[in-house]
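Residue numbers (this note's numbering), protein chains in the order written: chain A, 1 to 119; chain B, 1 to 119.
Shown next, in C-alpha cells, is the structure this report addresses.
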C-alpha cells in the first residue's frame with residue numbers, strides 16, 4: 001500500500017488461476033509455508049487461525065489443479081500423519097513471491113505516476 | 001487474465017483506498033459510469049443487478065471519502081430526483097481506468113516473465 005496525494009493509497013492483489021479457478025494466491029502460499037514449517041496441515045491451519053477443514057480443502061484444490069502435487073500427506077503413524085511440500089510446491093511458493101514482489105513495485109510506480117497525473 | 005504455461009493464468013485486482021477503506025475499485029467505477037449514463041442512482045443500480053440500497057451505500061462511501069463529492073443528487077421533481085457525476089467524479093473514473101489499464105499491462109508482462117522463469 002503506497003501513499004498518493006493526501007492519504008489516498010493504491011492497493012492490489014495478484015494470484016494465479018487455472019481454468020478460471022484460483023490456484024495460488026497469498027493465503028494459499030502462506031499455508032504452504034506453514035505446512036513446510038510444521039510438517040502438518042492441522043498445525044499449519046491452527047497457526048493461521050484457519051479451520052483444519054478449510055486448510056485441507058485448499059491443499060486439495062492446489063493438488064488437484066497442479067500437474068504434480070504441491071503437498072504430500074502421510075496418514076497414520078504415532079504423530080497422526082504429516083505433510084511435506086514437494087519440489088513443485090517449492091516452485092509454486094517461489095513463483096508466487098516473485099509475482100508478489102513485482103506487484104509491490106508496480107503499486108509503488110503507479111502511486112508516483114497517478115500522483116503526477118492527478119495532483 | 002493472461003495465459004502462462006498450459007492453462008495457468010495470472011490475474012489481479014487494483015483499487016484506491018483512503019485511510020484503509022476502499023475508495024475506488026472496479027465495481028464502484030462501473031456504478032459511477034452507469035449513474036452518468038442514466039442520471040439516476042436507482043436506474044444505474046438496476047442496470048447492474050445491484051440493489052438501490054447497495055448503490056446508495058457505495059455512492060455515500062465515495063462522497064464521504066473524497067475531498068469533493070463525486071456524485072451530486074437532487075431530490076424531488078417529477079422524475080423523482082436524479083444524480084450527476086461531478087468533475088471530481090470524472091477525475092476518479094479516469095484515474096481508475098488509467099490504473100486498470102496499467103494493471104493489464106503488468107499482468108501481461110508478468111505472464112511472459114514467469115513463463116520464462118518457471119517453464
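Every residue, glycine too, gets a C-beta built ideally from N, C-alpha and C.
It should be emphasised that the depicted structure is a prediction, and the values quoted were computed from it without experimental measurement.
What whole-angstrom Cβ distance do residue 93/A and residue 33/A have, given they're in contact under 8 Å? 6 Å
Which value, in whole angstroms, describes the spacing of the CA atoms of residue 88/A and residue 69/A? 7 Å
By the DSSP assignment, the alpha helix (DSSP H) with residue 37/A in it spans what residues? 26-38
Whole-angstrom C-beta distance between residue 18/A and residue 7/B, which should lie under 8 Å: Contact flag correct, Cβ pair sits at about 6 Å.
Could you check whether residue 96/B and residue 106/A sit closer than 8 Å to each other, using their CB atoms as the reference points? no
How about residue 99/B and residue 30/B: are their beta carbons less than 8 Å apart? no
In its own chain, which residues sit with a C-beta less than 6 Å from the C-beta of residue 16/A, not counting the 5 before and 5 after it? 23 and 24
Given a threshold of 16 other Cβ atoms within 10 Å of its Cβ, counted over all protein chains shown, does residue 51/A qualify as buried or as exposed? Looking at its Cβ environment, which holds fewer than 16 other Cβ atoms inside 10 Å, residue 51/A is exposed.
Pull up the distance between the alpha-carbon of residue 58/A and that of residue 49/A, whole angstroms please. 14 Å
8 Å Cβ cutoff, residue 61/B in contact with chain A: no
I need the DSSP call for residue 20/B, collapsed to helix, strand or coil. coil
Counting only Cβ pairs nearer than 8 Å, list the residues of chain B close to residue 12/A. Near residue 12/A (Cβ distances below 8 Å), the residues of chain B are 12, 13, 14, 15 and 103.
To the nearest angstrom, report how far apart residue 74/A and residue 82/A are at their CA atoms. 5 Å
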